[in-house]
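*Asks:* Encoded as structure tokens, here's the structure I'll be asking about.
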């Protein structure tokens, strides 16, 4: 269940995707709340890609990454000579986004004087470059995001109340990954497909131990951290199975103590099969397929190229764990 890359099957994500489907075709301003790494820019891009503006620019700007001294120039542009060092005309983000969507991340970090100018632009739909007199009409949809409590900022006098209500027409609250742990398997498969396509590397899936560790971890860095972890596993993988040896130590430690001292798995390679009974070889590969597919018999039977009924019979015959 997804919406242009917004992946999730939890009740929280169903609700968010329903909101996205309703608001995407409109020009309403959207404020996205969420911890770092929860996918705020991804949601903003999804809104843009599903809107009538999708063929126009999507322009992101992280407010916290810019010094206050150049923020207004980045937003509104400037003329030559507008300030010391302004050697030529500069087009700002609002003009770059004309006809499309401007995404302002960490909007709570915006200085108060810039907030005043932003409010005016949103109300009048016109900008004035620094050092210019003429106003330029703009047609931009604004999507803002924050990991802060803007209502608290308003109470503390750090954020203008009128601007808060102007950007908070539609509010979307992205839950941290630890609060939608049921989505982790879906995200794991989504990221693995995307990363194998991007990197050209091949992987059949995750080992049982790796899955267990990824599901047990709390993910303070949220989906960004999960994606980066899977990329690390893929880069370090040598046999097409993403296992705990590719995990960061703090994640692998969650299951390493639970692993048995001896394993049913056999050494890899054709030489290791010589002299072993066929039933032992068959049992090993069926169990490995079940581990890789997390017990999904349909997927395991396809991997083994046998019928699902045959697989079911073999599972019972060998008393394998599913």
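In the working numbering, the protein residues as written are 158 to 479. Cβ coordinates follow ideal geometry from the N, Cα and C atoms, glycine included. Bear in mind that the values here come from a model prediction, so they are computed numbers and not experimental data.
Report yes if the C-beta distance between residue 209 and residue 182 is below 8 Å; otherwise report no.
*Replies:* Locating residue 209 in the chain shown gives position 52, where the first residue counts as 1. Locating residue 182 in the chain shown gives position 25, where the first residue counts as 1. Yes, these two residues count as a Cβ contact at 8 Å.
*Asks:* Can you find a heavy atom of the ligand HEM that lies under 7 Å from the Cβ of residue 468?
*Replies:* Annotation note on the ligand HEM: not contained in the displayed structure, which lists no ligands.
*Asks:* Counting only runs that start and end within the region 202-287, where is the beta strand (DSSP E) found for 3 or more residues in a row?
*Replies:* Runs found: 215-219 and 258-262.
*Asks:* Across the region 183-190 and the region 227-238, are there enough close Cβ pairs to call them in contact, namely three or more that are closer than 8 Å?
*Replies:* The region 183-190, when compared against the region 227-238, does not touch it at the 8 Å Cβ threshold.
*Asks:* May I have a chain-ordered list of the alpha helix (DSSP H) segments no shorter than 4 residues that lie completely inside the region 368-411?
*Replies:* With a minimum length of 4 residues, the continuous alpha helix (DSSP H) runs that stay inside the region 368-411 are 379-393.
*Asks:* Just to confirm before moving on: does the CB-CB distance between residue 362 and residue 450 stay below 8 Å?
*Replies:* Here residue 362 corresponds to residue number 205 of the chain shown, with the count starting at 1. Here residue 450 corresponds to residue number 293 of the chain shown, with the count starting at 1. Contact: yes.
*Asks:* Less than 7 Å between C-beta atoms, sequence neighbours within five positions excluded: which residues of the same chain meet that for residue 247?
*Replies:* Stepping through the chain shown from its first residue, residue 247 is reached at position 90. Excluding residues within five positions, the ones whose Cβ falls inside 7 Å are 230, 234 and 235.
*Asks:* Inspect the CB distances between the region 212-221 and the region 261-281 and report whether three or more fall short of 8 Å.
*Replies:* Taking 8 Å as the limit for Cβ pairs, the verdict is that the region 261-281 does touch the region 212-221.
*Asks:* Just grab the DSSP bridge partners of residue 303 for me.
*Replies:* Locating residue 303 in the chain shown gives position 146, counting from the first residue. In the DSSP output, where bridge partners are listed per residue, residue 303 has 190.
*Asks:* Determine, using beta-carbon pairs with one atom in the region 333-347 and one in the region 297-313, whether at least three such pairs fall under 8 Å.
*Replies:* Output reads no: the region 297-313 does not touch the region 333-347.
*Asks:* Can you give me the Cβ contacts of residue 326 inside the same chain, cut-off strictly under 6 Å, excluding the 5 residues immediately before and after it?
*Replies:* For the purposes of this step, residue 326 is taken as residue 169 along the chain shown, with counting starting at 1. Around residue 326: 185 and 186.
*Asks:* Roughly how many angstroms separate the alpha carbons of residue 166 and residue 452, rounded to a whole number?
*Replies:* The residue given as residue 166 occupies position 9 in the chain shown. The residue given as residue 452 occupies position 295 in the chain shown. Using only the alpha carbons, I get a separation of about 20 Å.
*Asks:* Leaving aside the five residues before and after residue 380 along the sequence, list all residues of the same chain whose C-beta is less than 7 Å from its C-beta, in chain order.
*Replies:* Locating residue 380 in the chain shown gives position 223, counting from the first residue. Around residue 380: 194, 195, 196, 334 and 344.
*Asks:* Which class does residue 293 belong to by DSSP, given the choice of helix, strand or coil?
*Replies:* Along the chain shown, one-based indexing puts residue 293 at 136. Looking at residue 293 - three-state DSSP - the assignment turns out to be strand.
*Asks:* Work out the CA separation of residue 412 and residue 369 for me, nearest whole Å.
*Replies:* If you number the chain shown from 1, residue 369 lands on position 212. If you number the chain shown from 1, residue 412 lands on position 255. Going from the Cα of residue 369 to the Cα of residue 412 covers about 7 Å.
*Asks:* How far does the alpha helix (DSSP H) with residue 328 in it extend, from its first residue to its last?
*Replies:* Taking the chain shown and counting its residues from 1, the one referred to as residue 328 is at position 171. That residue, residue 328, is in no alpha helix (DSSP H); its beta strand (DSSP E) goes 327-330.
*Asks:* Figure out for me which residue from 275, 283, 473 and 366 has the closest Cα to the Cα of residue 256.
*Replies:* Taking the first residue of the chain shown as position 1, residue 256 is located at position 99. If we check each option's Cα against that of residue 256, 283 comes out closest.
*Asks:* Drop a sphere of 10 angstroms on the beta-carbon of residue 314, count the other beta-carbons inside from all chains shown, and report buried for 16 or more, exposed for fewer.
*Replies:* On the chain shown, position 157 is the one that residue 314 refers to. Its Cβ having fewer than 16 others within 10 Å, residue 314 is exposed.
*Asks:* If the criterion is Cβ atoms closer than 8 Å, does the pair residue 173 and residue 329 meet it?
*Replies:* Position 16 of the chain shown, counted from the first residue, corresponds to residue 173. Position 172 of the chain shown, counted from the first residue, corresponds to residue 329. Yes.
*Asks:* What does a CB cutoff of less than 7 Å around residue 206 pick up in its chain, not counting 5 residues either side in sequence?
*Replies:* Looking up residue 206 in the chain shown gives position 49. Closer than 7 Å at Cβ, skipping near neighbours: 161.
*Asks:* Is it right to say residue 386 is buried, meaning 16 or more other beta carbons lie within 10 angstroms of its own, or is it exposed?
*Replies:* Position 229 of the chain shown, counted from the first residue, corresponds to residue 386. So residue 386 ends up on the buried side.
*Asks:* Suppose contacts are defined by Cβ-Cβ distances below 8 Å. Is residue 200 in contact with residue 163 by that definition?
*Replies:* As a working mapping, residue 200 is identified with position 43 in the chain shown. As a working mapping, residue 163 is identified with position 6 in the chain shown. In this structure, residue 163 lies closer than 8 Å to residue 200 by Cβ.
*Asks:* Measure the beta-carbon distance from residue 359 to residue 403 and round it to whole angstroms, keeping in mind my assumption that it falls under 8 Å.
*Replies:* If you number the chain shown from 1, residue 359 lands on position 202. If you number the chain shown from 1, residue 403 lands on position 246. About 14 Å separates the two Cβ atoms, so there is no contact after all.
*Asks:* Return the CA-CA distance between residue 337 and residue 286, expressed in angstroms with no decimal places.
*Replies:* Here residue 337 refers to the residue found at position 180 of the chain shown. Here residue 286 refers to the residue found at position 129 of the chain shown. Answer to the nearest angstrom: the Cα atoms are 44 Å apart.
*Asks:* How many whole angstroms separate the CB atoms of residue 272 and residue 320, which I take to be in contact at a CB cut-off of 8 Å?
*Replies:* Position 115 of the chain shown, counting from 1, holds the residue named residue 272. Position 163 of the chain shown, counting from 1, holds the residue named residue 320. So it is a contact: roughly 5 Å between Cβ atoms.
*Asks:* Can you list the alpha helix (DSSP H) stretches of 4 or more residues lying completely in the region 450-476, in chain order?
*Replies:* Entirely contained in the region 450-476, the alpha helix (DSSP H) runs reaching 4 residues are, in chain order, 454-461 and 465-475.
*Asks:* When you compare only the Cα positions, how much space is there between residue 356 and residue 382?
*Replies:* On the chain shown, residue 356 is found 199 positions in, with the first residue counted as 1. On the chain shown, residue 382 is found 225 positions in, with the first residue counted as 1. Spanning the two alpha carbons is a distance of roughly 18 Å.
*Asks:* Hey, out of 374, 392, 211 and 270, whose CA is closest to residue 410's CA?
*Replies:* Sequence index remark: in the chain shown, residue 410 carries index 253 (1-based). Measuring from the Cα of residue 410, the nearest candidate turns out to be 374.
*Asks:* Beta carbon of residue 366, beta carbon of residue 394: below 8 Å?
*Replies:* To locate residue 366, count along the chain shown from 1; it is residue 209. To locate residue 394, count along the chain shown from 1; it is residue 237. Cβ distance not < 8 Å, so residue 366 and residue 394 don't count as in contact.
*Asks:* For residue 275, which of 290, 463, 371 and 316 has the nearest alpha-carbon?
*Replies:* Taking the first residue of the chain shown as 1, we reach residue 275 at position 118. Nearest of 290, 463, 371 and 316 to residue 275, Cα basis: 316.
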